[in-house]
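K.L.:
What follows is a single structure, and I will ask about it in a moment.
There are 2 protein chains.
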Amino acid sequence: MTRSLSIIPIGGLPEIRPGDDLAQMIIDACQADPAGLQADDVLVVSQKVVSKAENRLVKVDPDDPLAHKPLVIEESARVLRRRGDLIISETHHGFVCANAGIDRSNVAPDIAALLPEDSDRSARRLRDAITGRLGIRVAIIVADTFGRPWRRGLTDVAIGSAGIMPILDLRGTNDAVGRELHVTEVCLVDELAGAAELVRGKATGIAVAVIRGVDPAWFAEGSVVGEVVRHPSEDLFR
Amino acid sequence: MTRSLSIIPIGGLPEIRPGDDLAQMIIDACQADPAGLQADDVLVVSQKVVSKAENRLVKVDPDDPLAHKPLVIEESARVLRRRGDLIISETHHGFVCANAGIDRSNVAPDIAALLPEDSDRSARRLRDAITGRLGIRVAIIVADTFGRPWRRGLTDVAIGSAGIMPILDLRGTNDAVGRELHVTEVCLVDELAGAAELVRGKATGIAVAVIRGVDPAWFAEGSVVGEVVRHPSEDLFR
C-alpha cells in the first residue's frame, strides 16, 4: 500500500434535530463541498449528530452540572471506577469510557446526549441510505471521544461502523524482511476515527470528515461491537 | 480549523544500520518523493528505524521465539500483568505496553529491537537535524504499535515527539453552541501517529509518513513522556 490519504472536513451541516434525515443532510453537505463525495470514501460522523438525529436526548436541569449522573448509571452495564464526579463504566454496548459516553457539549444547556442505542446499526443505516441514494460504495464510522488508561489526553475512537473492516488481521503475513508477523491486528476504525478528529476539532461544529484514498481491500462488512469491543474475560485490566 | 490533511507514505528509505545518519536518510527519501518536504510538515517515523539507527539492537537466539523475554524484564520498571507468554509492563519511560516494546519483526532473526532509550530525545535530534539542514520548521513523532485495554486490535501511538504540542488543551474554550468545553484535552500526537500508520502499513517496510496541513498553531515544544504518559498515581487502572 503506497497511496496517500486525504482527510477532508465537511462543514455546512445544519443543526440536527430528532427525526432528521441525517444521511441526506450529510450527502447535501458533502455535495456542497468542493471535495464532493466519491466511491470508496470513508465518512467519519460524530456521535453527537447521530444521537441528535436518533433522539437520544434527555432533559436535565440546566443549572445542575451533575444532573446527568443518574443517566450514567442507567446507561452502564457496570461501573468500573469512580473518582470524585468521574465514573468509568462499561456501557450496554461494551464500551469502557467516562460517564457512559453521556455528555452535554454541543447541545442545549437542558439536554444530555446519550450514545446511540446500537451504534453499528446507526452506521449501517447511514451507509445503506447514502449508498442507496448515490449508488456508490462508502463506509461509515461513528466516532466518539474517549479517554484511556496509561496515557493522558483523549482520542476519537469508533463506536460504530459499516462497510469497512474494523480490524485488519495481518497474522500470517510477512514483514519486510520475510519474517511472519505474529500478533498484528490493526484497529483501522480507531485510527480512522482519530485521523478524522484532527480536522473536525471540538469547537468548530464540524461533525463529518471524509477520508479519501483508503485501501479498497478494507471495504468489507464488520461491526465495532462485534470485533473491537474486547470481552471482559479476555481483558487483563478489568 | 477547516483545512484538509494529507497523509503521505514515504518509500525508499534504505535498510537502517546502527550509526546511520537517519535524519539525512529521511531528508533524501522525502526529497526523492514527488511530495517533497515542506515547512510545517509533521514527519511520523517508525520506532523500528530509530532503534536501528541508535543501535538499540540485542543479539538473541534465532531459534528461540522467547529469547527476548529476559530483555523484557530488564527494560521494565514493573510488570503489570502476565498471561502465558504475554507480559504487560511499564517501561522505564513510563509506557504501558506488551513486552516492554521489544519486538523481532522487521529485524534479522537473531536480533531483538529495544525501544529508544529516550524517545523524545530521538525525536528532538531528528527535528533539529532536519530543521537545521533544510531551514524549515518540521515536527517529528516517533511512533510504535501498542495494544490497549477494553478494545481489540493495535493502534500506533507516539512514544516521542518534538516540535508539536502532544496534547491540545481545549479547556476553557467554547463549543459550537457557546458552552464551555470542560475536560477536552486531545492527544494530537497519538491521533497523528495512528493516522500515519494507515499509510505505512506493517508489511511494506515504509517507515516514514508525512502529514501535511496540520494547524500551524500546533507547532510548539513538548514531550510525550512529559505530557502524555500518565503518572501511575493518576491512573485508575494500575
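In order, the protein sequences belong to chains Y and D.
Mapping to this note's numbering: the first sequence position 146 is 146, numbers consecutive.
Mapping to this note's numbering: the second sequence position 160 is 1160, numbers consecutive.
All residues carry an ideal CB built from backbone N, CA and C; glycine is no exception.
The model shown is predicted, which means the values in this text are computed figures rather than measured ones.
Taking any Cβ of chain Y, which residues in the region 1184–1197 of chain D have a Cβ under 8 Å from it, in chain order?
P.N.:
From the region 1184–1197 of chain D, only T1184, E1185, V1186, C1187, L1188, D1190, E1191, L1192, G1194, A1195 and E1197 have a Cβ closer than 8 Å to chain Y.
K.L.:
Report the neighbours of D:D1021 on chain Y: residues whose CB is nearer than 8 Å to its CB, in chain order.
P.N.:
As a first step, residue 1021 of chain D is located in the second sequence; it is residue number 21 there, counting from the start. Within chain Y, no residue comes near D:D1021; the closest Cβ sits about 21 Å away, beyond 8 Å.
K.L.:
Let's see if you can read the secondary structure: which residues bound the beta strand (DSSP E) around D:A1035?
P.N.:
Within the second sequence, numbered from 1, the residue matching residue 1035 of chain D stands at position 35. Unbroken run through D:A1035: none, as it is neither H nor E.
K.L.:
Could you tell me whether the Cβ of Y:D33 comes closer than 7 Å to any Cβ of chain D?
P.N.:
Within the first sequence, the letter at position 33 stands for residue 33 of chain Y. No, Y:D33 lies away from the interface with chain D (no Cβ there is under 7 Å from its Cβ).
K.L.:
Which residue's Cα is closest to the Cα of Y:Q38: Y:T131, Y:D235 and Y:E185?
P.N.:
Taking the first residue of the first sequence as position 1, residue 38 of chain Y is located at position 38. Ranking the options by Cα distance to Y:Q38, first place goes to Y:T131.
K.L.:
According to DSSP, is Y:T91 helix, strand or coil?
P.N.:
Locating residue 91 of chain Y in the first sequence gives position 91, where the first residue counts as 1. Y:T91: strand per DSSP, three-state reduction.
K.L.:
Residues in its own chain within less than 6 Å of D:G1222 by CB, not counting five upstream and five downstream?
P.N.:
Residue mapping note: residue 1222 of chain D aligns to position 222 of the second sequence, counting from 1. Taken in chain order, the residues that qualify are M1165 and P1166.
K.L.:
When the cut-off is 7 Å and only beta carbons count, does Y:T91 lie next to chain D?
P.N.:
For the purposes of this step, residue 91 of chain Y is taken as the residue at position 91 of the first sequence. No, Y:T91 lies away from the interface with chain D (no Cβ there is under 7 Å from its Cβ).
K.L.:
Using the Cα positions of D:A1100 and D:G1160, report the straight-line distance between them to the nearest angstrom.
P.N.:
Within the second sequence, the letter at position 100 stands for residue 1100 of chain D. Within the second sequence, the letter at position 160 stands for residue 1160 of chain D. Their Cα atoms are separated by approximately 15 Å.
K.L.:
Among the residues of its own chain, which have a CB less than 7 Å from the CB of D:M1001, if the five just before and after it don't count?
P.N.:
In the second sequence, counting from the first residue as 1, residue 1001 of chain D sits at position 1. Only weak support is given to the placement of D:M1001: the predicted model assigns it a pLDDT of 44, under 50, and the question is left unresolved by the model.
K.L.:
Taking C-alpha atoms, which residue in Y:R152, Y:D120, Y:R137 and Y:R133 lies nearest to Y:A143?
P.N.:
As a position in the first sequence, residue 143 of chain Y is number 143, starting the count at 1. Comparing Cα-Cα distances from Y:A143 to each of Y:R152, Y:D120, Y:R137 and Y:R133, the minimum goes to Y:D120.
K.L.:
Does the region 106–115 of chain Y come close enough to the region 77–88 of chain Y that 3 or more CB-CB pairs lie under 8 Å?
P.N.:
Contact between the region 77–88 of chain Y and the region 106–115 of chain Y is absent, because fewer than three Cβ pairs lie under 8 Å.
K.L.:
Note down, in chain order, each residue of its chain lying with its Cβ closer than 7 Å to the Cβ of D:L1154, except the 5 sequence neighbours on either side.
P.N.:
For the purposes of this step, residue 1154 of chain D is taken as the residue at position 154 of the second sequence. The residues are T1145, F1146 and G1147.
K.L.:
Which residues in the same chain have their Cβ closer than 6 Å to the Cβ of Y:D190, if we skip the five residues on either side of it in sequence?
P.N.:
Here residue 190 of chain Y corresponds to residue number 190 of the first sequence, with the count starting at 1. Result list for Y:D190: V157 and A158, in chain order.
K.L.:
Please list the partners that Y:E227 has in chain D, where partner means a Cβ-to-Cβ separation under 9 Å.
P.N.:
The residue given as residue 227 of chain Y occupies position 227 in the first sequence. Going along chain D in sequence order, the residues near Y:E227 (Cβ under 9 Å) are R1152 and G1153.
K.L.:
For a quick check, are the C-beta atoms of D:A1053 and D:D1020 less than 7 Å apart?
P.N.:
Here residue 1053 of chain D refers to the residue found at position 53 of the second sequence. Here residue 1020 of chain D refers to the residue found at position 20 of the second sequence. Result yes, Cβ atoms of D:A1053 and D:D1020 sit closer than 7 Å.
K.L.:
Can you say whether Y:V79 is buried or exposed, counting buried as having 16 or more other CB atoms within 10 angstroms of its CB?
P.N.:
Taking the first sequence and counting its residues from 1, one reaches residue 79 of chain Y at position 79. Classification of Y:V79: exposed, given that the 10 Å Cβ count is below 16.
K.L.:
If Y:R127 sits next to Y:V138, beta carbons under 8 Å apart, how far is it from one beta carbon to the other, in whole angstroms?
P.N.:
Counting from 1 along the first sequence, the entry for residue 127 of chain Y is found at position 127. Counting from 1 along the first sequence, the entry for residue 138 of chain Y is found at position 138. 6 Å between Cβ atoms; contact.
K.L.:
Under the three-state reduction of DSSP, which class applies to Y:E74: helix, strand or coil?
P.N.:
Here the question's residue 74 of chain Y lines up with position 74 in the first sequence. Helix, per DSSP.
K.L.:
Given a cut-off of 7 Å on the beta-carbon distance, is the pair Y:D235 and D:P1149 in contact?
P.N.:
Position 235 of the first sequence, counting from 1, holds the residue named residue 235 of chain Y. Position 149 of the second sequence, counting from 1, holds the residue named residue 1149 of chain D. Contact flag set, yes.
K.L.:
Let's test the definition: count the other Cβ atoms within 10 Å of the Cβ of D:P1062 and tell me whether it reaches 16, buried, or not, exposed.
P.N.:
Stepping through the second sequence from its first residue, residue 1062 of chain D is reached at position 62. Answer is exposed; the Cβ neighbour count stays below 16.
K.L.:
Got a sec: is the Cβ-Cβ distance from Y:I140 to anything in chain D below 7 Å?
P.N.:
For the purposes of this step, residue 140 of chain Y is identified with residue 140 of the first sequence, where counting begins at 1. Taking Cβ atoms only, chain D never reaches closer than 7 Å to Y:I140, which makes this a no.
K.L.:
Return helix, strand or coil for D:L1154, following the three-state DSSP convention.
P.N.:
In the second sequence, residue 1154 of chain D corresponds to position 154, counting from 1. Of the three classes helix, strand and coil, the one that applies to D:L1154 here is strand, per DSSP.
K.L.:
Identify whether D:G1160 lies in helix, strand or coil by the three-state DSSP scheme.
P.N.:
As a working note, residue 1160 of chain D is residue 160 in the second sequence. Strand at D:G1160.
K.L.:
Locate the beta strand (DSSP E) running through Y:T145, then write down its first and last residues.
P.N.:
Position 145 of the first sequence, counted from the first residue, corresponds to residue 145 of chain Y. Segment V138 to F146, the beta strand (DSSP E) holding Y:T145.
K.L.:
Using the Cβ count rule (16 or more neighbours within 10 Å means buried), how would you classify Y:E197?
P.N.:
Here the question's residue 197 of chain Y lines up with position 197 in the first sequence. Buried.
K.L.:
Counting only beta-carbon atoms, is D:L1115 nearer than 7 Å to chain Y?
P.N.:
Residue mapping note: residue 1115 of chain D aligns to position 115 of the second sequence, counting from 1. For D:L1115, the answer is no, since every Cβ of chain Y falls outside 7 Å of its Cβ.
K.L.:
Considering just the uninterrupted stretch of the alpha helix (DSSP H) at Y:S122, what are its terminal residues?
P.N.:
Counting from 1 along the first sequence, the entry for residue 122 of chain Y is found at position 122. Note, Y:S122: alpha helix (DSSP H), S119 to L134.
K.L.:
Find the residues of chain Y that neighbour D:I1167, judging by a C-beta separation of less than 7 Å, and give them in chain order.
P.N.:
To locate residue 1167 of chain D, count along the second sequence from 1; it is residue 167. Result: R152 and G153.
K.L.:
Taking D:G1012 as the reference, which of D:R1003, D:A1112, D:F1095 and D:C1030 has the closest Cα?
P.N.:
Against the second sequence, residue 1012 of chain D aligns to sequence position 12. Out of D:R1003, D:A1112, D:F1095 and D:C1030, D:C1030 has the C-alpha closest to the C-alpha of D:G1012.
K.L.:
Considering only their Cβ atoms, is the gap separating Y:I140 from Y:A123 smaller than 7 Å?
P.N.:
What you label residue 123 of chain Y is simply residue 123 of the first sequence in a count that begins at 1. What you label residue 140 of chain Y is simply residue 140 of the first sequence in a count that begins at 1. Yes, Cβ-Cβ distance for Y:A123 and Y:I140 is below 7 Å.
K.L.:
Which residues, taken in chain order from the region 1051–1085 of chain D, show a beta carbon closer than 7 Å to some beta carbon of chain Y?
P.N.:
Residues passing the 7 Å Cβ filter: R1081 and R1083.
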